[in-house]
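Here's the structure we're looking at; comments come further down.
Residue numbers (our numbering): 1003 to 1336.
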């Protein structure tokens, strides 16, 4: 079992800085006033890149549902080409879902010391019917792609994979055709050692309006425990992934001004397993979902009005920086 050390060691900070320097070169960003190793890169530049990525998916391509097969295919190509352009070896896991050809996109940086130990970062690129899906889930894909760019020159000890999942949305959610379920079943067949899975699910919508945050029934009492203003990121885990959740939280809060809340819940709590991390939980792999809580905050959830202008790209840029450190920290765990 991997041991998650909560301390941010000087060795991990040096490695994180190396990745950030490479990112600065690629983006043209400059060092800022903060002493934090990731805080030096220009969040405005990263935010602008994130906006372009969301626009490419939500506007240039548009709705990416099973009823829009050409758009779904174009989104897969977009993710694949972007990762390949960053220098990652990219493979595709192709399969048929009720006659529809679909594919998961997998970019891998093989570990230099312990390649059999694997960290997965994933986000689904499909949408519900009729929605451009800026928050759900172009935001998650954009953060994944920028995180991959941040670490394009990093030599990881363990193997790191960036995965774009297909068919997360209904009617394939929780079905045997769900992209992440197909992927995880292949992992089990190969007996792969997955040490952590970070699921990026709707990470771009934040509100400063009091009362903008709601909670799933029957847990309305959570308003006594959590903020009722929807201006925070949430990390969701099951009981078996609690240690991973706390580790990621500690690293993120050391880096980000964006508030971070955590929740450990059971599958029967609405929303707890509503993304690709649930497929990993079902097979016993540690996984967490990072989310803005989607329908419990965003009034444009699963609608035609889920557009790029509704997202907070500075908050998303902070998340890229925090996850950059988190990924390096997880790679350092013995």
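C-beta: ideal position from N, C-alpha, C; glycine also.
Checklist entry - For residue 1302, which three-state DSSP category applies? => result The residue given as residue 1302 occupies position 300 in the chain shown. In this structure, residue 1302 counts as coil in the three-state DSSP scheme.
Checklist entry - The alpha helix (DSSP H) with residue 1230 in it runs from where to where? => result Here residue 1230 corresponds to residue number 228 of the chain shown, with the count starting at 1. No alpha helix (DSSP H) holds residue 1230; DSSP gives it neither H nor E.
Next on the checklist: Restricting to Cα atoms, I'd like to know which of 1145, 1166 and 1066 is closest to residue 1349.
Outcome noted: No information on residue 1349 is available, as it lies outside the stretch 1003 to 1336 that the chain covers here.
Checklist entry - Taking DSSP as the reference, what is the three-state secondary structure of residue 1211? => result To locate residue 1211, count along the chain shown from 1; it is residue 209. Here residue 1211 sits in coil by DSSP.
Next on the checklist: Would residue 1271 and residue 1237 qualify as a contact pair, given that the criterion is a beta-carbon distance under 7 angstroms?
Outcome noted: In the chain shown, counting from the first residue as 1, residue 1271 sits at position 269. In the chain shown, counting from the first residue as 1, residue 1237 sits at position 235. Their beta carbons are not under 7 angstroms apart, which means residue 1271 does not touch residue 1237 by this criterion.
Checklist entry - Comparing the CB of residue 1139 with every heavy atom of the ligand GTP, is any distance shorter than 6 angstroms? => result Judged by which ligands are present, the structure shown has none, so any question about the ligand GTP falls away.
Item to check | DSSP state of residue 1238 mapped onto helix, strand, coil | outcome: Here the question's residue 1238 lines up with position 236 in the chain shown. Strand.
Next on the checklist: Could you pull the DSSP bridge partners for residue 1265 from this structure?
Outcome noted: Taking the chain shown and counting its residues from 1, the one referred to as residue 1265 is at position 263. In the DSSP output, where bridge partners are listed per residue, residue 1265 has 1238.
Checklist entry - Assuming residue 1069 and residue 1131 make a contact with CB atoms under 8 angstroms, what is their CB distance in whole Å? => result Counted from its first residue, the chain shown places residue 1069 at position 67. Counted from its first residue, the chain shown places residue 1131 at position 129. Contact holds; Cβ gap of about 5 angstroms.
Checklist entry - Relative to the alpha-carbon of residue 1253, which residue among 1101, 1323 and 1240 has its alpha-carbon at the smallest distance? => result Indexing the chain shown from 1 puts residue 1253 at position 251. For the residues 1101, 1323 and 1240, the minimum Cα distance to residue 1253 belongs to 1323.
Next on the checklist: Three Cβ pairs or more, each shorter than 8 angstroms: is that satisfied between the stretch 1205 to 1221 and the stretch 1291 to 1300?
Outcome noted: yes
Checklist entry - On the premise that residue 1119 lies in contact with residue 1195, defined as a C-beta separation below 8 angstroms, what is that separation, rounded to the nearest angstrom? => result In the chain shown, counting from the first residue as 1, residue 1195 sits at position 193. In the chain shown, counting from the first residue as 1, residue 1119 sits at position 117. Correct: roughly 5 angstroms between the Cβ atoms.
Checklist entry - Does the distance from the CB of residue 1200 to the CB of residue 1081 come in under 7 angstroms? => result Residue mapping note: residue 1200 aligns to position 198 of the chain shown, counting from 1. Residue mapping note: residue 1081 aligns to position 79 of the chain shown, counting from 1. No.
Next on the checklist: Assuming residue 1109 is part of the beta strand (DSSP E), what are its boundary residues?
Outcome noted: Position 107 of the chain shown holds residue 1109. That run of the beta strand (DSSP E) goes 1102 to 1111.
Next on the checklist: Applying the 10 Å Cβ sphere with the 16-neighbour rule, what's the burial state of residue 1215?
Outcome noted: What you label residue 1215 is simply residue 213 of the chain shown in a count that begins at 1. Buried, by the Cβ-count rule.
Next on the checklist: Considering only DSSP beta bridges, list what residue 1098 is partnered with.
Outcome noted: Here the question's residue 1098 lines up with position 96 in the chain shown. Paired residue(s): 1103.
Item to check | Inter-residue CB distance, residue 1329 and residue 1162 (contact presumed, cutoff 8 angstroms) | outcome: Counting from one through the chain shown, the residue named residue 1329 turns up at place 327. Counting from one through the chain shown, the residue named residue 1162 turns up at place 160. Between residue 1162 and residue 1329 the Cβ distance is about 7 angstroms, and since that is below 8 angstroms, they are a contact.
Checklist entry - Should residue 1235 and residue 1274 be called a contact, given that it needs their Cβ atoms to be closer than 7 angstroms? => result Start at 1 with the first residue of the chain shown, and residue 1235 comes out as number 233. Start at 1 with the first residue of the chain shown, and residue 1274 comes out as number 272. No, Cβ-Cβ distance for residue 1235 and residue 1274 is not below 7 angstroms.
Item to check | Rounded separation between residue 1300 and residue 1183 - CA only | outcome: The count along the chain shown starts at 1 and reaches residue 1300 at position 298. The count along the chain shown starts at 1 and reaches residue 1183 at position 181. Distance between the alpha carbons of residue 1300 and residue 1183 is about 26 angstroms.
Checklist entry - At what residues does the beta strand (DSSP E) containing residue 1197 begin and finish? => result Counting from one through the chain shown, the residue named residue 1197 turns up at place 195. Annotation: the continuous beta strand (DSSP E) that includes residue 1197 extends over 1195 to 1203.
Next on the checklist: On a Cα-Cα basis, can you pick out the residue from 1164, 1154, 1151 and 1066 that is closest to residue 1138?
Outcome noted: Residue mapping note: residue 1138 aligns to position 136 of the chain shown, counting from 1. With distances taken between Cα atoms, residue 1138 lies closest to 1066.
Checklist entry - Contact between the stretch 1107 to 1121 and the stretch 1169 to 1177: three or more CB pairs below 8 angstroms? => result no
Checklist entry - What separation, rounded to the nearest whole angstrom, lies between the Cα atoms of residue 1064 and residue 1336? => result Counting from one through the chain shown, the residue named residue 1064 turns up at place 62. Counting from one through the chain shown, the residue named residue 1336 turns up at place 334. About 43 angstroms.
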